[in-house]
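*Asks:*
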Amino acid sequence: MARTLTLSTCKHMLLLVALFLLPLTAKAAVFQYGSLFYETSSDGTAKVVANPNGSKYSGDIVIQSVIVRSAAYVVTGIGDNAFYACTGLTSVAIPESIESIGDYAFAGCTGLTSLTIPITVKTIGRSAFQYCNSMTSLTFNCDATSIGDYAFSGCNKLTQVTLNNNNFVSRGRNQYLAMHCIFGEQVQRYIIGYGVTIIGSYAFYDCINMISVSLPSSLKSIEYKAFSGCSNLTSVNIPNGVTSIEHDTFFECSNLTSVSIPNSVTSIGTSAFKGCKSLPSITIPNSVTSIGENAFEYCYGLTSVTIPNSVTSISKCAFYGCTSLTSVTIPNSVTSISSGAFSGCTSLTSVTIPNSVISIGGYTFDGCTSLTSVTIPNSVTSISNGTFYNCTSLTSVTIPNSVTSIGEQAFQNCI
74 MARTLTLSTC KHMLLLVALF LLPLTAKAAV FQYGSLFYET SSDGTAKVVA NPNGSKYSGD
134 IVIQSVIVRS AAYVVTGIGD NAFYACTGLT SVAIPESIES IGDYAFAGCT GLTSLTIPIT
194 VKTIGRSAFQ YCNSMTSLTF NCDATSIGDY AFSGCNKLTQ VTLNNNNFVS RGRNQYLAMH
254 CIFGEQVQRY IIGYGVTIIG SYAFYDCINM ISVSLPSSLK SIEYKAFSGC SNLTSVNIPN
314 GVTSIEHDTF FECSNLTSVS IPNSVTSIGT SAFKGCKSLP SITIPNSVTS IGENAFEYCY
374 GLTSVTIPNS VTSISKCAFY GCTSLTSVTI PNSVTSISSG AFSGCTSLTS VTIPNSVISI
434 GGYTFDGCTS LTSVTIPNSV TSISNGTFYN CTSLTSVTIP NSVTSIGEQA FQNCI
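Be aware that the sequence shown starts at 74, since it is given in the working numbering, and climbs by one per residue.
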């Protein structure tokens with residue numbers, strides 16, 4: 074037989090349901106522990122929150138990793154606006170229990186001069202440290218996979234950043250996620266901590282105000298475009314253990330005057346140092362077996378080059394436009410010189426091509442207007458198109474009997 078529910082019965086049932094759900098809908102508790110206020114959650118965690126009375130935190134602050142009320146709570150977060158505009162805040166110790174820093178958490182903390190973000194932090198909110206304009210140094214130990222927009226914008230005195238997390242530094246990026254987009258263009262010095270093994274692609278792309286970078290001995294790889302466009306970077310000491318300098322790594326580092334390449338490096342990639350116009354000299358170690366196309370193109374300040382005897386070919390346009398290059402030493406290991414390799418080297422006065430060379434590409438010495446003499450070895454069987462085009466000072470050329478063909482414009486405008 075069907076039962077009829079009365080209005081009284083329905084009200085009773087709804088009351089029971091409401092009582093059953095009450096613990097699930099109860100508000101989180103906010104209470105003071107030490108000098109800070111925390112909000113607890115039913116999962117046993119807590120986060121730092123702003124003072125509910127409206128007062129601002131000040132002085133030297135230590136965030137606890139565990140707080141105790143009726144039970145113990147692990148402090149895993151710093152809430153949105155927790156320290157917003159706390160202009161009297163002079164220092165803050167963030168424990169390694171913290172996993173997230175909320176939106177505007179420290180925005181406007183104008184008295185904060187330095188900060189260490191622990192390894193446990195995974196997310197940093199929007200404008201989290203915006204306008205902390207007295208902050209001069211930052212130690213970034215975390216692997217934050219989400220760094221909110223404008224996280225450090227307006228931190229115009231932040232000039233030094235230490236990066237200690239390998240995952241964060243090694244992560245492949247693009248030009249919109251480079252370090253200057255995260256920490257600001259004003260940073261002048263980056264210190265990469267020991268333990269970092271890879272500097273990821275585009276990591277420091279277009280950090281135009283970076284003057285120096287400290288690389289750790291643990292480093293094994295510098296990926297492509299890692300320092301491309303760092304126009305004020307003056308020197309780089311690449312540690313022993315790095316095996317390759319990938320393409321465009323130091324592209325257009327126009328104020329780079331000193332580079333130390335260790336014996337561990339075996340290859341220099343395409344355009345690796347292209348546009349490093351202030352680089353006066355470079356030592357290529359004997360460990361290097363390949364030099365990529367355009368590797369030293371437009372290195373206007375480069376005066377002399379010794380190619381190591383481990384290299385078998387000089388790639389296309391490798392030293393194109395090196396207008397200060399006066400001498401080049403080519404070893405007997407080289408069997409080919411590709412097109413445009415020394416094109417536009419207007420200060421090059423003489424060149425000795427070793428007997429190992431079999432082929433010389435087109436326009437190899439095009440526009441070498443100071444070149445006066447060249448000796449071509451018996452190993453060469455042909456001279457390609459435009460090889461010595463516009464070598465206007467060339468007065469002496471020795472062509473061996475082995476040469477059976479001379480290409481078009483090979484000696485054109487050689488007056």
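Backbone N, C-alpha and C fix where the C-beta goes; we use that ideal spot for every residue, glycine too.
Helix, strand or coil: how does DSSP classify I311 here?
*Replies:* Residue state, collapsed to three classes: coil.
*Asks:* The alpha helix (DSSP H) with V242 in it runs from where to where?
*Replies:* 239-243
*Asks:* Tell me the residue span of the alpha helix (DSSP H) that contains F256.
*Replies:* 252-256
*Asks:* Can you give me the Cβ contacts of S274 inside the same chain, cut-off strictly under 7 Å, excluding the 5 residues immediately before and after it?
*Replies:* G245, R246, E296, Y297, K298, A299
*Asks:* If you drop the 5 nearest sequence neighbours on each side, which residues of the same chain put their C-beta closer than 7 Å to that of T471?
*Replies:* T448, I449
*Asks:* If you measure between the beta carbons of G161 and K129, is that distance less than 8 Å?
*Replies:* Yes. Within cutoff.
*Asks:* Any idea if S115 is buried or exposed, counting beta-carbon neighbours within 10 angstroms, 16 or more meaning buried?
*Replies:* exposed
*Asks:* Counting Cβ pairs, one atom from each stretch, are 3 or more of them under 8 Å apart for the segment 339-354 and the segment 371-382?
*Replies:* Yes: the two stretches touch, three or more of their Cβ pairs being nearer than 8 Å.
*Asks:* Throw me the rounded Cβ distance for the T163 and G184 pair, which I believe falls under 8 Å.
*Replies:* 5 Å
*Asks:* Are V260 and V242 touching if we call contact CB-CB under 8 Å?
*Replies:* no
*Asks:* If you scan the segment 344-418 from start to end, which runs of the beta strand (DSSP E) of 3 or more residues do you find wholly inside it?
*Replies:* 377-379, 400-402
*Asks:* Quick check: what's the CA-CA separation for T98 versus G117?
*Replies:* Because the pLDDT of T98 is 38, which lies under 50, any placement of that residue in the model is unreliable, and the number read from its coordinates should be weighed accordingly. Cα to Cα, T98 sits roughly 16 Å from G117.
*Asks:* Per DSSP, Y263 is paired with what?
*Replies:* Y263 pairs with V234, V286.
*Asks:* Starting from the Cα of S173, find the closest Cα among A155, A158, G150 and give me that residue.
*Replies:* G150
*Asks:* What span of residues does the beta strand (DSSP E) with F213 cover, start to end?
*Replies:* 210-213 is the span of the beta strand (DSSP E), which, as asked, contains F213.
*Asks:* Beta-carbon within less than 8 Å of G435's beta-carbon, same chain only, minus the 5 sequence neighbours each way: which residues are those?
*Replies:* For G435, where only same-chain residues beyond five positions count, the Cβ hits under 8 Å are S412, G413, S457, N458, G459, T460, G480.
*Asks:* Relative to the C-alpha of T442, which residue among S317, S416, C182, I281 is closest?
*Replies:* S416
*Asks:* Start and end of the beta strand (DSSP E) containing T442?
*Replies:* Where T442 is concerned, there is no enclosing beta strand (DSSP E), given that its DSSP letter is neither H nor E.
*Asks:* Measuring only the C-alpha atoms, how far is A144 from I190?
*Replies:* 27 Å
*Asks:* Quick one: what does DSSP say T218 is sitting in, helix, strand or coil?
*Replies:* The answer is coil: DSSP assigns T218 none of H, G, I, E or B.
*Asks:* Round the Cβ separation of S452 and V430 to the nearest angstrom and send it over; I've been treating them as touching at under 8 Å.
*Replies:* 6 Å
*Asks:* Please report the distance separating the alpha-carbon of V286 from that of T218.
*Replies:* If you draw a straight line from the Cα of V286 to the Cα of T218, it comes to about 23 Å.
*Asks:* Just the C-alpha distance for N313 and T465, rounded to the nearest angstrom, thanks.
*Replies:* 44 Å
*Asks:* How would you call K230, buried or exposed, if buried means at least 16 neighbouring beta carbons within 10 angstroms?
*Replies:* Under the 10 Å beta carbon count, K230 is surrounded by fewer than 16 other beta carbons and is classified as exposed.
*Asks:* Tell me the DSSP bridge mates of Y146?
*Replies:* Beta-bridge partners of Y146 (DSSP): I140.
*Asks:* In this structure, does DSSP put S173 in helix, strand or coil?
*Replies:* strand
*Asks:* Would E319 pass as a contact of G342 if the rule is Cβ separation under 8 Å?
*Replies:* yes
*Asks:* Are the CB atoms of S304 and N328 nearer to each other than 8 Å?
*Replies:* yes
*Asks:* Give the DSSP-derived three-state secondary structure of A119 in the structure shown.
*Replies:* strand
*Asks:* Count the other CB atoms within 10 Å of the CB of Q137; is the residue buried (16 or more) or exposed (fewer)?
*Replies:* buried
*Asks:* Using a Cβ-Cβ cutoff of less than 7 Å, which residues in the same chain neighbour T232 once the five nearest sequence positions on both sides are dropped?
*Replies:* The beta carbon of T232 sits closer than 7 Å to the beta carbons of T209, Q259, V260, Q261, R262 from its chain, once the five residues preceding and following it are set aside; these are given in chain order.
*Asks:* Go ahead and label G198 buried or exposed: buried means 16 or more other beta carbons lie within 10 angstroms of its beta carbon, across all protein chains shown.
*Replies:* buried
*Asks:* From T196 to S170, what does the alpha carbon distance come to, in whole angstroms?
*Replies:* 13 Å
*Asks:* What are the boundary residues of the beta strand (DSSP E) that Y130 is part of?
*Replies:* That residue, Y130, is in no beta strand (DSSP E); it is neither H nor E in DSSP.
*Asks:* Can you tell me the Cα-Cα spacing of S344 and C390, whole angstroms?
*Replies:* 9 Å
*Asks:* How is Y462 classed by DSSP in three states: helix, strand or coil?
*Replies:* coil
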